[in-house]
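Quick notes on the structure that follows.
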């Protein structure tokens, strides 16, 4: 029986608030039968899962997540991407407004309680009206604004796990219970020689500040996903379709492949398609990042969501819905933002044990303070333990890497560089060797006439007319180059007896006169003298240009030098890579002479030519055995194996779909500047990840001892739980803010 190929699914996960939550869900998924790989993203609240369909299915995976105490459901595969993005944004906005409202009201209540503290009864008195009022207000805040923490902590406890909610629930619960005893049974504390102080305001402030931090995180998270939402909204919701001779406006979900879609100037193309009639300029900046419009004519391909700047088009739909380029880009970005970078594993390993360790530290702190002589031990112990629990919440640790990946993915997409996730993003930052394919990558992939010489006494315009007329009947790429070159002089010449010689040239009659156009070998074999062109032909061959000779009635008329043109900025891209100490190699199946000529013009010293696809893979492996981190840049079907073998595969979107599928990075622009942009963005992103993790770890390394009271013996300073909660919230927001700086990275 043939084994089924692994399948993938992305499931929503609600209720996660910290790195420990993320680690709990991921651990449960990895342990589930049939799961080969799972990556849980705290930013997107999603789990990307690779599983064996013979052993499990999405419904079972949803159940596995729900069993951890968090909630999940099967993904929505019917609703259009734009509608999903709008719904997600509405949910985020509602969550932000709710958190902000709860935090501000709680802060106002806490401030009122703080102002009323002088009126609250202390240890020597029975509780009075102000104390009872504080009790009622605190109970309200805990039941209304803080309810989420206690419900989630209880769920975690039922599933024998612990997370940020556990820390907050234990910390505020301990302070509340102590205050409850001080309010209603103060003699129990007096009998032990302990002051019956109340800490209601501390409980309220802790809940308020944690909620305020969550609100700020929610707002910042919304900013990190802005690029994805804006991209999903580009597709129009309605298309004008011609059916049975009548034009009608249809919802985009009702358009099918083969429909004729009409697009007027200023409108976005609602579907992918091919131009049937019409011509004009199209703005493809949303796809490529290029500001210059692209001229489109009948037969040209159009991408949905690009803008018709001029002209009226009739377009035959070739892809709609999930099959469209825009939908694939949105899906690619969602997958990328949901994937993990290798550096995330460090945070995951720490987060998995962090909360239990913090609880142990809090218990030890409480026990040590209870043994300190000549101090109100219970009060000090409780304050220190609660401060440890609150300040150690690992929110910043869980946000450190995914926020950077999300912002970088959005920034790259805006510049026409699609990076398939955190892992290739991190690998890209460490690349030290770049291999370029030649045809279609360093070069345009379309042969063009670069030079032409005519025999003496020839009417050049007349010659170009009949040469173009003959070559337009050929399908060979070199003939197409000459036909394009002669287009301005084209006329309908009297051509007959057309005959093609595969790979060598063509012969025909023009006005009854025999004509031969082809290689030097074909022309010479016909006994036509090419002695006068020998020096020119040899020079062209040495420069990697292919000579094509045109002869009429047994005499040479003209010769064309044809070459695949080097991309406009290829040389500058190579220079910039070499300036960053990156080794640059050209790898091609083309002739060595041609490859070396192109390499010289591009500034590349190292050339591997005349290699088949398997040899390309061998070259990549050879460099990897040297310890090199290799990126391969290519566009063709024959590049796909090498793209897959390289540490990072970079595909030109103008190439084949197979090449793009095999690659980790896709360049949507037609120039090579995207290669440098990808490296620049990856290196800045990796630096940001390291900064975020450093500050997240250092924050806890410094904050936990201070909260435990390490400064008290020398300075008499003990950290208030209220200050601890503010510091915890600030640490999370600072990590997100640092990641958002990637939106301003300067790219080409």
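Residue numbers (my numbering): 8 to 755. For glycine and all other residues, C-beta sits at the position ideal for the given N, C-alpha and C.
Burial state of residue 70 is exposed, judged by a 10 Å Cβ sphere holding fewer than 16 other Cβ atoms. Counting C-beta pairs closer than 8 Å gives fewer than three between the segment 697–717 and the segment 423–435, which falls short of the contact rule. For residue 15, the uninterrupted beta strand (DSSP E) run begins and ends at 14–19, by DSSP.
The beta carbon of residue 18 lies closer than 8 Å to those of 53, 54, 56, 65, 68, 69, 72, 79, 80, 81, 82 in the same chain, with the five residues before and after it left out. If you look at residue 247, you'll find it in the beta strand (DSSP E) that goes 245–250. Residue 255 sits in a strand when the DSSP states are folded into three classes. Under the three-state reduction of DSSP output, residue 73 falls in the helix class. For residue 623, the number of other beta carbons within 10 angstroms of its own is at least 16, and it is reported as buried. With fewer than 16 other Cβ atoms inside 10 Å of its own Cβ, residue 135 counts as exposed.
Per the coordinates, the alpha-carbon of residue 48 lies some 9 Å from the alpha-carbon of residue 23. With a contact defined as Cβ atoms closer than 8 Å, residue 58 and residue 94 miss out at about 26 Å.
In this structure residue 659 is buried. Its beta-carbon is surrounded by 16 or more other beta-carbon atoms within 10 angstroms. The residues 467, 565, in chain order, have a CB closer than 6 Å to that of residue 461 in the same chain once the five nearest residues on each side in sequence are set aside. Counting along the chain, residue 725 sits inside no alpha helix (DSSP H), nor does DSSP assign it H or E at all. Counted as a single uninterrupted DSSP element, the beta strand (DSSP E) harbouring residue 591 occupies residues 590–594. Counting along the chain, no beta strand (DSSP E) covers residue 276, and no H or E run does either.
Look at residue 554 here: in three-state DSSP terms it is strand. Short of 8 Å from the beta carbon of residue 300, and not among the five residues preceding or following it, lie these beta carbons of its own chain, in chain order: 288, 289, 290, 291, 316. With respect to residue 259, residue 243 sits close: the two C-beta atoms are nearer than 8 Å.
Look at residue 350 here: in three-state DSSP terms it is coil, with no helix or strand label.
With 16 or more other Cβ atoms from the protein chains shown falling within 10 Å of its own Cβ, residue 418 counts as buried. In this structure, residue 279 sits away from residue 319, with a CB-CB distance that is not shorter than 8 Å. Residue ranges of uninterrupted alpha helix (DSSP H) with 4 or more members, entirely inside the segment 486–554 and ordered along the chain, are 527–532, 541–549. Boundaries of the beta strand (DSSP E) harbouring residue 424: 424–426, taken from the DSSP string. Within the DSSP secondary-structure output, residue 694 pairs in no beta bridge.
Looking at the backbone, the Cα of residue 650 and that of residue 588 are separated by about 22 Å. Residue state for residue 466 is assigned as coil, using DSSP reduced to three classes. Using a C-beta cut-off of 8 Å, the segment 209–227 makes contact with the segment 152–163, since at least three inter-stretch Cβ pairs fall below that distance. Between the segment 474–490 and the segment 628–642, the count of Cβ pairs shorter than 8 Å is below three; the stretches do not touch.
By the criterion of at least three beta-carbon pairs nearer than 8 Å, the segment 542–562 is in contact with the segment 516–523.
Closest by C-alpha distance to residue 594, out of 448, 502, 725, 544, is 448.
In the DSSP assignment, residue 458 falls within the beta strand (DSSP E) that extends over 450–461. Cα atoms of residue 491 and residue 634: separation of roughly 46 Å, rounded to the nearest angstrom.
Unbroken beta strand (DSSP E) runs of no fewer than 3 residues, entirely contained in the segment 33–61, are found at 42–48, 53–58, following chain order.
A direct Cα-to-Cα measurement between residue 686 and residue 435 gives close to 6 Å. Annotation: residue 543 to residue 534 spans about 19 Å, alpha carbon to alpha carbon.
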